[in-house]
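S.K.: Heads up: the sequence shown runs through residues 1235 to 1455, numbered per the working numbering. One structure is given below, represented as structure tokens, and several questions about it will come after.
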Amino acid sequence: MGPQPHLDVPSSYLDGFAAAVTAGMADAATFGTRNLGELSVFAQQQLGPPPGADVQKGELVELHKIADARTQQQTDASSWFAKHGHRDMWQPYMKDYEQRVGKDQATAGYALLERASNLTEQATSDAKQRYARMRPFNVDPTLKVPISRPDNDSYPSGHSSLAFSAALVLSSLMPDRKAELMNAAAQVGYSRLVGSVHFPSDVMAGARIAALATGVVLARK
């Protein structure tokens, strides 16, 4: 896998991710103790559809700005996060947790991470299928894409949702590392914009749906 790279995330995006997570945790509290089978529909109601054409046009302008300023280091980082940001990169953090608490207690942590990831992934997949948003490079073929092009739908971002789900679980296990973990998730989300494979609203929706699904799991652990 290689060492985890660092990708600077603009403060406006850090603020956006934080707001999305806060909204998602509020969604989780509203969902409460309902049957988990209802979560995907509830999540779609909370997210709503992707933005309309006027907003999307502005998002494409933003993606072109990011692409025009993209460095080789950013390209390399976005490629690494594309391969590892949704699952692999979180395993070393779990190993750190295991070293803190021992294998027996860590087993419960691994199970918690798996439950949250699975619920987040299902809710994300269901929302993708419902909204069927085209990828930005399909909407605007002039957008330069330096990493592998996903062939599924765009909204919400799966890399973002799984990264924020993992970061939230790990933050509950290691609260002293919360800032580091949430920043790592933000780097994954922002890397999808650097790679020109998601709209900004996709990655924010990914963070929110992650906080919803993961918040529900954490409340029931």
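For every residue, glycine included, the Cβ atom is placed at its ideal position computed from N, Cα and C. Computed from a predicted structure; not experimentally measured.
So what's asparagine 1386 in DSSP terms, helix, strand or just coil?
M.R.: If DSSP states are grouped into helix, strand and coil, asparagine 1386 belongs with coil.
S.K.: CA-CA distance, tyrosine 1389 and lysine 1362?
M.R.: Roughly 5 Å separates the two Cα atoms.
S.K.: Using only CA atoms, which one of Ala1263, Phe1398 and Ala1357 lies nearest to methionine 1323?
M.R.: If we check each option's Cα against that of methionine 1323, Phe1398 comes out closest.
S.K.: Take glycine 1392 as the anchor and find which of His1318, Gln1290, Ala1260 and Ala1303 has the nearest alpha-carbon.
M.R.: With distances taken between Cα atoms, glycine 1392 lies closest to His1318.
S.K.: How many Å lie between glutamate 1348 and proline 1375 at the Cα?
M.R.: Rounded to whole angstroms, glutamate 1348 to proline 1375 spans 37 Å at the Cα level.
S.K.: Please tell me whether arginine 1442 and glycine 1258 are closer than 7 Å, where the distance is taken between their beta carbons.
M.R.: Going by C-beta atoms, arginine 1442 is nearer than 7 Å to glycine 1258.
S.K.: Can you give me the Cβ contacts of leucine 1270 inside the same chain, cut-off strictly under 6 Å, excluding the 5 residues immediately before and after it?
M.R.: Once the five neighbours on either side are set aside, leucine 1270 has no close Cβ partner at all.
S.K.: Which one of Ala1420, Glu1355 and Ile1381 has the shortest CA to CA distance from histidine 1240?
M.R.: Ranking the options by Cα distance to histidine 1240, first place goes to Ala1420.
S.K.: Please report the Cβ distance between valine 1403 and leucine 1346, rounded to the nearest whole angstrom; I am assuming they are in contact, meaning their Cβ atoms lie under 8 Å.
M.R.: Between leucine 1346 and valine 1403 the Cβ distance is about 6 Å, and since that is below 8 Å, they are a contact.
S.K.: How about leucine 1281 and alanine 1439: are their beta carbons less than 7 Å apart?
M.R.: Yes, Cβ-Cβ distance for leucine 1281 and alanine 1439 is below 7 Å.
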